[in-house]
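Have a look at the structure below before the remarks.
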Amino acid sequence: MNCYQCGCTLSEHDFCTNCGADVALYKRIIYISNRFYNDGLERAGVRDLTGAITSLRQSLKFNKNNVEARNLLGLVYFETGEVVAALSEWVISKNMRPKKNIADDYINMIQTNQNRLDTINQTIKKYNQALTYCNQESLDLAVIQLKKVLSLNPKFIRAHQLLALLYINSEEWERAKKELGKCLEIDTNNTATLRYLKEVDEMLLPEEGVKNSSKKKKSEEIVKYQSGNETIIQPVNMKEGRGVTSLLNLGIGLAIGIAIAFFLILPARIQTARAGIDEDLRKVSEQSDAKTATIDELQQQLGELQAQNETLQQDLAAYMGKDGTLKSVESLMKAAGAYLTNPDDVIAVADYLTEIEAERTQEEEHESSEAFDTLYNTLLALIGPKIAESYDEDGHAAFWAGNYADAIPNLAKAFQYDATNGQALFDLGNSYYRMGEKQKAAEIYRQVIELFPNTEKADKSAGFLAEIEGAEE
Amino acid sequence: MINFEEELKKFHPSLEVEDAEEAIYNQDLTDMADLMVKIVKESKKAGE
C-alpha cells in the first residue's frame with residue numbers, strides 16, 4: 001500500500017513515514033475495498049455471479065486501483081456473457097498495471113482469435129435486434145433471434161432471461177422454466193431469474209393457490225392451466241385412499257408382479273436353460289462320435305498289426321532253427337564244426353554248404369551279415385576244390401556205370417563247386433540226354449558252348465544240340 | 001404477476017465491441033480514495 005500523497009510505501013503507522021500525511025482513513029478505505037473483493041471472490045466461487053458483481057463493484061468504488069477485483073469483475077462479466085463489459089474492465093486493469101497482469105492474457109485470448117471476436121459481436125448485435133423486435137411487439141421474431149443468440153453464446157444470461165420473459169408472456173411455462181433453469185446453472189442467485197422462476201412455479205404448481213382459493217370456492221374441483229399449446233386440467237380434490245387401501249394396492253401389485261414373473265420370466269428362463277443343456281449335449285455327442293471314430297481306426301490298425309505280426313512270426317519260425325537262430329546260420333556253424341572236427345569229411349561239409357545255399361536262396365530278401373559271408377566264403381575256399389573233386393569222381397563213376405540218375409546231381413555239384421570243370425558240365429548234359437530229358441540236355445549244351453567256346457566239348461555239344469533241335473523239328 | 005411491458009423496460013441494449021472504447025473513456029473511475037484526497041486537499045486550502 002502506497003501513500004496517496006507521496007507514493008511511498010506505508011508502514012503499520014497511521015501516518016506516512018516519508019511525508020507525514022494522515023493515512024488512517026485512506027488505509028481503512030483500502031481495507032474495505034479488499035474486504036469487498038474477498039466477498040466477491042467467495043460469491044463467484046459458489047456461482048453467485050450477481051452477488052459477486054455487486055461486491056466487486058463496491059470494492060472498485062472504494063479503490064479503483066484494486067486490479068485483482070477489476071480482473072475478477074471482468075471474468076464474472078465474461079461468464080455471464082457480457083463480453084464487452086468484461087473487455088472494458090480488463091483494458092482499464094491493464095492500463096493501471098501494464099506488466100504482470102493476467103488481464104493481458106484475457107484480452108489476448110479474445111483479440112487473437114478474430115473469428116471468436118466476430119461471433120461475440122454478432123451475438124450482441126442479434127441480442128440488440130431481438131430487443132428491438134420486442135419493443136416493436138414482433139415477439140415471434142424476437143424468440144427466433146434470441147434462440148440464435150443463445151446458440152452462439154449459451155452463457156448470455158440476459159438473452160436467457162429475455163427469452164424466458166417472452167415465454168412467460170405467451171404462457172409457455174415449461175419452456176420458460178427450462179430457460180430459467182439454464183440461467184440458474186450459470187448464475188445461482190440472479191434476482192430477476194428467481195423472480196421469473198417464482199412466477200412460473202406458481203403457474204405450474206398452482207395447488208397452494210388453489211388451497212387458498214378453495215376456501216372461497218369449494219365448488220371448483222379442477223385446476224386448469226396452459227403449457228405451450230396444451231391445456232392441462234388437473235383435479236385438485238382427488239385424494240388417494242390411505243392405510244388399508246394402500247396395503248391392498250401393494251398386495252395386488254405384488255401378486256401381479258409374481259404372476260408376471262411366473263408366466264413370462266420363468267418360461268423364458270427355462271427355455272434358456274434347456275437351450276444351454278441341448279448345446280452341451282450336442283457338444284458331448286460330437287466328442288463321443290469323434291472318440292468312437294478314433295477307437296475304430298485304432299482297432300483297425302491293431303488288427304492289421306496283429307496280422308502282420310503273425311506273418312512275421314511264421315516267417316521267422318521258418319527261418320529259425322530249434323534254438324532260435326536262423327537255419328542258414330545254424331547250417332554254417334555245423335559246416336564249420338564238421339570241417340574243424342574232420343577236414344577230410346568233405347561230403348558232410350558239402351551237405352551243410354548245400355543246405356546253406358538252399359536256405360540263402362529262400363532268404364534272398366534278407367541280407368546276410370559280413371561275418372557270415374566271410375566265414376562261408378572262407379569255408380568254401382578251403383574245401384570247395386575237394387568237394388568238387390569228390391563230386392566229380394562220384395558223378396563220373398555213376399556216368400560210366402550208366403547210372404545217370406546218380407550221375408546228374410553229383411556232376412551238377414561238381415560243376416557248382418568248380419566252375420572250370422567243363423567236362424563235368426558236358427557229361428551232365430550227356431546224362432540228361434541219355435535219360436531222355438532233351439530240354440535240360442539242350443540247356444546244358446548251350447551253357448557248355450557259351451562258357452567253354454572253341455573246345456572239343458563245345459563242338460560236340462553243338463553237334464548234340466543240333467541233333468536235339470533237328471529231332472524236335 | 002409479472003408485467004411484461006415493465007419488465008421489458010429493464011432490458012437495455014448491450015454494448016457492441018466497437019463501442020467498448022467509448023465506454024471505457026466515459027467510465028467514471030472516481031473512488032472513495034479520490035474523494036478523500038480531494039476533501040483533505042480542500043480542507044488544507046481552507047486552513048491556509
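Residue numbers (the numbering used here), protein chains in the order written: chain A, 1 to 473; chain B, 1 to 48. Cβ atoms here follow ideal geometry from the backbone N, Cα and C, with glycine treated the same way.
Given that residue i touches chain B, what residues does it touch there, using C-beta distances under 9 Å?
i: Ala477/A; result: Since the displayed chain A opens at 1 and closes at 473, residue 477/A lies outside it and no answer follows.
i: Tyr196/A; result: Ile2 and Glu7
Run down chain A in chain order and give the residues with a C-beta less than 8 Å from the C-beta of residue i.
i: Ala20/B; result: Val84, Leu87, Ser88 and Val91
i: Ser14/B; result: Glu82, Val84, Ile124, Tyr127, Asn128 and Arg158
In whole angstroms, give me the CA-to-CA distance for residue i and residue j.
i: Asn3/B; j: Ser14/B; result: 22 Å
i: Leu379/A; j: Asp406/A; result: 26 Å
i: Ile120/A; j: Trp90/A; result: 16 Å
i: Ser93/A; j: Ala130/A; result: 32 Å
i: Gly243/A; j: Gly257/A; result: 21 Å
i: Ala255/A; j: Ile270/A; result: 21 Å
i: Ala293/A; j: Ala273/A; result: 30 Å
i: Glu79/A; j: Asp105/A; result: 16 Å
i: Val477/A; j: Ala381/A; result: The first residue shown for chain A is 1 and the last is 473, placing residue 477/A beyond what the model contains.
i: Val67/A; j: Met1/B; result: 42 Å
i: Asn190/A; j: Gly81/A; result: 14 Å
i: Lys327/A; j: Ile356/A; result: 8 Å
i: Ala317/A; j: Leu305/A; result: 18 Å
i: Gly181/A; j: Arg195/A; result: 12 Å
i: Ala142/A; j: Pro154/A; result: 16 Å
i: Leu87/A; j: Asn71/A; result: 10 Å
Count the other CB atoms within 10 Å of the CB of residue i; is the residue buried (16 or more) or exposed (fewer)?
i: Val83/A; result: buried
i: Trp400/A; result: exposed
i: Leu250/A; result: exposed
i: Gly40/A; result: buried
i: Ser219/A; result: Confidence in Ser219/A is poor, its pLDDT being 46 and thus under 50, which makes the residue's placement unreliable; the coordinate value appears in the next sentence. Burial call: exposed.
i: Asn101/A; result: buried
i: Gly51/A; result: buried
i: Thr311/A; result: exposed
i: Met203/A; result: buried
Go ahead and pull the three-state DSSP assignment for residue i.
i: Asn403/A; result: coil
i: Asp418/A; result: coil
i: Thr455/A; result: coil
i: Glu6/B; result: helix
i: Leu184/A; result: helix
i: Asp118/A; result: helix
i: Asp31/B; result: coil
i: Asn26/B; result: helix
i: Asn135/A; result: helix
i: Phe15/A; result: strand
i: Glu472/A; result: helix
i: Asp351/A; result: helix
i: Asn342/A; result: coil
i: Leu326/A; result: strand
Among residues of its own chain, excluding the 5 on either side of residue i, which ones have a beta-carbon nearer than 6 Å to its beta-carbon?
i: Val200/A; result: Trp173, Ala176 and Lys177
i: Leu353/A; result: Ala335
i: Ala44/A; result: Ala52 and Val76
Quick one: list the residues of chain A neighbouring residue i, beta-carbon separation under 9 Å, in chain order.
i: Ser6/B; result: The sequence given here places Glu at residue 6/B; Ser does not occur at that position. Within chain A, no residue comes near Glu6/B; the closest Cβ sits about 11 Å away, beyond 9 Å.
If I measure Cβ to Cβ from residue i and keep anything under 8 Å in the same chain, skipping five residues before and after, which residues do I get?
i: Asn430/A; result: Phe399, Ala441 and Phe464
i: Ala471/A; result: Lys438
i: Cys183/A; result: Ile157, His160, Gln161, Ala164, Asn190 and Thr193
i: Asp48/A; result: Asp187, Thr188 and Asn189
What in chain B is Cβ-close to residue i, meaning under 7 Å?
i: Tyr26/A; result: Ala33 and Met36
i: Cys134/A; result: Leu8
i: Tyr4/A; result: Ala33 and Val37
Within the same chain, show all residues whose beta-carbon is closer than 7 Å to that of residue i, passing over the 5 residues directly before and after it, in chain order.
i: Ile53/A; result: Leu73 and Val76
i: Lys148/A; result: Lys126
i: Tyr433/A; result: Ala441 and Phe464
i: Glu359/A; result: Lys327, Ser328 and Ser331
i: Thr455/A; result: Gly422
i: Ala414/A; result: Ala388, Tyr391, Asp392, Gly395, Asn421 and Ala424
Anything in chain B within Cβ reach of residue i, meaning under 8 Å, just list it in chain order.
i: Leu60/A; result: Asp31
i: Asn169/A; result: Phe4
Got a sec: does the ligand NAD put a non-hydrogen atom nearer than 7 Å to the Cβ of residue i?
i: Met96/A; result: Among the ligands in the structure shown, none appear at all, so the ligand NAD cannot be discussed.
Under 7 Å between beta-carbons, which chain A residues line up against residue i? List them in chain order, please.
i: Ala46/B; result: Here the premise fails: no neighbours, minimum Cβ distance about 16 Å.
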